[in-house]
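Colleague: Take this structure, written in structure tokens, and hold onto it; I'll ask about it next.
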Amino acid sequence: MFNYTSFHDVFPTEVQLPYDRRLQHDIEAHRKNADDVLFIDRVMRALGISKAKVYPPKTENALRQLHQQICEAGMSMHHKFSLLYYILLDFDDASKEVFVSESFASLSGMPANYQLFMKGLWHMDREEYSRAIEYVAHPSLNPDFADDIIIALIKQASDQDYTLALSYFYSVQPILKSPVALELLYDAMARTNVTQALLYSRTHPQHTREQLFRRWISCVLNNGGGDDLPSRTSELAFMPFDSLEETWFEEYLTTGEGRTLKRAKDTLLIRKIACDRFSDVAKVRPSGQWAGILEGIKGGTEGQGD
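The numbering of the sequence shown is full-length UniProt numbering, which starts it at 1 and goes up by one.
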């Protein structure tokens with residue numbers, strides 16, 4: 001009968017320990033790329049195994065000690081199985097033929113959702129992000145470690161391609177707890193879909209919403225090179241704002257930090273024209289490319305006054 005506290009019931013004698021120097025080096029390289037914290041480190045710490053870097057176990061004796069530590073820890077059976085299952089995924093990857101993790105899951109009765117989540121974290125730790133999303137975004141899972149997953153996916157993005165991070169977020173819809181995760185996610189949204197980012201800001205309480213709105217303006221105007229800045233300026237200026245957003249928009253670009261952004265004045269001017277605020281536009285001092293247009297608007301408003 002299967003007994004998870006028996007070392008050889010979990011780690012069969014015919015299976016070779018996978019943690020050679022190469023795998024140890026690879027795992028440490030992944031850890032370094034992840035700001036020195038793997039997801040398995042987070043899981044172990046959350047479950048009460050706080051000893052630094054017990055993973056990967058470098059020898060059979062170290063693996064035996066880790067197995068014993070997991071078995072004796074004050075955590076649920078399913079959590080113990082999850083940690084052991086994660087380690088067995090290393091055995092699977094090294095063997096390519098014998099899948100001891102599947103046998104363990106079957107013999108132990110480990111729930112499928114725990115398997116999905118740990119396999120997803122295993123792929124996250126291997127920096128196999130596309131594969132990881134297939135598991136961690138599964139609809140049967142709770143959004144555990146969502147902040148850390150979002151941060152990892154955004155930091156690994158290249159050329160401002162945040163597809164994986166946004167796909168995970170829209171699939172799981174987690175409530176983010178970390179300001180860092182929220183800011184990184186919002187920047188990714190603003191650089192990918194201006195309208196979606198604006199709508200997302202409106203789902204937050206007013207104080208957070210205002211901070212995100214200002215961040216949104218900054219991201220849109222600062223995004224990428226200068227070639228498409230005029231189109232971004234126009235896109236921003238023609239957005240349908242409510243009264244609060246209208247106030248924040250003008251304050252941020254006139255007296256706030258946004259006043260130093262490139263084309264801040266142009267964006268404000270286009271906004272006023274778009275909103276038919278010609279009396280405000282007429283007060284602007286004509287200069288540069290806008291001189292002719294502003295003089296025309298000024299003449300028109302003065303003519304109406306007469």
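Note that the Cβ used here is the ideal one computed from N, Cα and C, for glycine as well.
1. From which residue to which residue does the alpha helix (DSSP H) around Asn193 run?
2. Determine the burial state of Glu245: buried for a count of at least 16 other Cβ atoms within 10 Å of its Cβ, exposed for fewer.
3. Taking Arg64 as the reference, which of Asn113, Leu17, Thr195, Leu23 has the closest Cα?
4. Does the Cβ of His123 have 16 or more other Cβ atoms within 10 Å, making it buried, or fewer, making it exposed?
5. How long is the line joining the alpha carbons of Tyr86 and Lys119, rounded to whole angstroms?
6. Based on Cα-Cα distance, which residue from Asn61, Glu60, Ile49 lies nearest to His79?
7. Please look up how many angstroms separate the CB atoms of residue 308 and Phe117, rounded, as I've assumed it's under 8 Å.
8. Could you check the C-alpha separation between Asp159 and Ile149 for me, to the nearest Å?
9. Using the C-alpha atoms, what's the distance from Gln173 back to Ala34?
10. Assuming Leu153 contacts Leu164 (C-beta within less than 8 Å), just tell me the rounded distance between them.
11. Is it buried or exposed for Gly296, if we count other Cβ within 10 angstroms and need 16 for buried?
12. Evaluate residue 342 with the Cβ neighbour count: other Cβ atoms within 10 Å of its Cβ, from every protein chain shown; 16 or more gives buried, anything less gives exposed.
13. Would you give the residue range spanned by the alpha helix (DSSP H) that Leu253 belongs to?
14. Under 7 Å between the Cβ atoms of Arg31 and Leu23?
Modeller: Answer, in terms of the structure:
1. That residue, Asn193, is in no alpha helix (DSSP H); it is neither H nor E in DSSP.
2. buried
3. Leu17
4. buried
5. 7 Å
6. Ile49
7. Outside the shown range of the chain, which is 1 to 306, sits residue 308, and nothing can be said about it.
8. 19 Å
9. 23 Å
10. 5 Å
11. Only weak support exists for where Gly296 lies, its pLDDT of 49 falling under 50; the value from the coordinates is given anyway. Counting Cβ neighbours within 10 Å, Gly296 comes out exposed, since fewer than 16 surround it.
12. Residue coverage of the chain in this structure runs from 1 to 306, which leaves residue 342 outside it and unanswerable.
13. 243 to 254
14. no
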